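Under this note's numbering, the first residue of the sequence shown carries the number 5, and numbering increases by one thereafter.
A virtual CB, placed ideally from N, CA and C, is assigned to each residue, including glycine.
Since we're looking at a predicted model, the values are computed, not measured.
I have placed the structure first, in the form of structure tokens, so that the comments after it can refer back to it.
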Amino acid sequence: MHKYLLLLLCNLLAFVSVQGQCPSGQKNIRLEIDPDQYWYEVSWMITNSNGSVLYANGECLNENIDTFNYCVPADGCVVFRIKDTYGDGMLPNGFYKLYVNDILYFENPNGNYTYSESTYLGCPPGTFCGSALPIDTGYQVTPGGGEYWYHFVPEANGTYEVNTCQPGNNCPSKIWVYDHCNNISTNNDQTGTIFYADAGCENGAVATLYLAAGTNYYIRLGFTEAACIEDSLHFSVSYIGPVTGCTDPAACNYNPLASVSDTCIYPGDPECPNAPDLVVLEHVLSQPLALSGICRIPAL
């Protein structure tokens, strides 16, 4: 009997010690981190979902394993973002772990996160790319205020429109469209997007772009003004139709996106564009630039 009472008391004390790290109404986030030898490149911050409220920030003090404790609101979404100024994370032998009230929530065992990595804690579906809400064409309304992410897979090749110029919106908005989710850059500009729009009507924006059938696309939506930060955003996704153009690769005006044939113009025709024959290698341009001659300066 005494053994069971002792066990119960130990569990109770453990619970009290965890909860006692932070005031009532808050939860404890514990960061355990072991940086690489370039520890001075590493920093982190904890914010709300859209980054408008900073709960905490920090940086490594040296190259030794260290532990940091923070208190954040118990309810609601918070985002932990770790950064590296050089862009190689903490490779090859660094790591970090995140605990919420002493329970392991996330870990990066080899420190590979390039320039930055974000972890979302207590965030509802649609708050970030990894939890994007699935949608189809039609009229939509976000579940609440702030930015929301949507996952869209077109059924047909062609031109699509994402339109936030809707009567229910009282502020201008932004539209970001991405063709990937892993290691995505969520800046407030066009960085990393395949399409970006922040204008087009008084209260909203319009994105008109080509999308390929069966491809995963991620649509991010949000208001541009703080006055509407708590408002739901009204928008629609529409299929405009197939792309019309010349479908013959031998023609001067060949359109590789076209699925409905139109007039073709061939070399020798006076209307054939007089321009250099260039091919854009998308897979090359999409890769980060590696600049030679840049090296780290060791800490003194």
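CB contact flag (residue i, residue j, <8 Å)
{"i": "L95", "j": "N112", "result": "no"}
{"i": "I305", "j": "Y154", "result": "It is not possible to answer for residue 305, since the shown part of the chain is limited to 5 through 304."}
{"i": "A217", "j": "P260", "result": "no"}
{"i": "S263", "j": "P246", "result": "yes"}
{"i": "V76", "j": "Q25", "result": "no"}
{"i": "Y100", "j": "I37", "result": "yes"}
{"i": "V210", "j": "E151", "result": "no"}
{"i": "L125", "j": "L35", "result": "no"}
{"i": "S236", "j": "G148", "result": "yes"}
Exposure label - residue i; buried when at least 16 CB within 10 Å
{"i": "V82", "result": "buried"}
{"i": "A254", "result": "exposed"}
{"i": "V57", "result": "exposed"}
{"i": "T146", "result": "buried"}
{"i": "M5", "result": "For M5, the pLDDT reaches just 47, beneath the cut-off of 50, and the residue's location in the model is therefore unreliable, although a value from the coordinates is still provided. It counts as exposed."}
{"i": "G55", "result": "exposed"}
Simplified DSSP assignment, three categories, for residue i
{"i": "E159", "result": "coil"}
{"i": "Y214", "result": "strand"}
{"i": "E63", "result": "strand"}
{"i": "G245", "result": "strand"}
{"i": "E45", "result": "helix"}
{"i": "C26", "result": "coil"}
{"i": "A231", "result": "helix"}
{"i": "G134", "result": "helix"}
{"i": "N112", "result": "strand"}
{"i": "L151", "result": "Checking the sequence, you will find Glu at residue 151 rather than Leu. Coil, per DSSP."}
{"i": "Q170", "result": "coil"}
{"i": "L9", "result": "Per-residue confidence for L9 stands at a pLDDT of 45, beneath the threshold of 50, marking its modelled position as unreliable; the derived number appears in the next sentence. Helix, per DSSP."}
{"i": "H184", "result": "coil"}
Of the residues the options, the one placed nearest residue i, counting alpha carbons only
{"i": "G196", "options": "A203, N97, C205 and I179", "result": "I179"}
{"i": "T190", "options": "F84, P147, C133 and Q170", "result": "C133"}
{"i": "S28", "options": "D79, D235 and Y214", "result": "D79"}
{"i": "T212", "options": "T168, F227, K87 and E151", "result": "T168"}
{"i": "N173", "options": "N207, E45, E229 and A160", "result": "N207"}
{"i": "T248", "options": "F72, Y258 and D106", "result": "Y258"}
{"i": "Y119", "options": "A160, I188 and Y214", "result": "I188"}
{"i": "N220", "options": "I198, F239, S240 and G226", "result": "I198"}
{"i": "C256", "options": "V104, Y44, H238 and C276", "result": "C276"}
{"i": "I86", "options": "N105, Y44 and D106", "result": "Y44"}
CA-to-CA distance, residue j to residue i, given in whole angstroms
{"i": "D92", "j": "S47", "result": "13 Å"}
{"i": "L108", "j": "L137", "result": "26 Å"}
{"i": "Y42", "j": "N97", "result": "11 Å"}
{"i": "G204", "j": "A60", "result": "37 Å"}
{"i": "G272", "j": "T251", "result": "18 Å"}
{"i": "S122", "j": "C185", "result": "12 Å"}
{"i": "Q23", "j": "I33", "result": "In this prediction, Q23 scores a pLDDT of 45, lower than 50, which makes its location untrustworthy; the coordinate-derived value is nonetheless stated afterwards. Approximately 11 Å between the Cα atoms of the pair."}
{"i": "G130", "j": "Y270", "result": "48 Å"}
{"i": "F110", "j": "N68", "result": "20 Å"}
{"i": "C175", "j": "D202", "result": "11 Å"}
{"i": "P128", "j": "D70", "result": "30 Å"}
{"i": "T228", "j": "N192", "result": "10 Å"}
Any chain C beta carbon closer than 8 Å to residue i
{"i": "L237", "result": "In the structure shown, chain C cannot be found, because there is only a single protein chain."}
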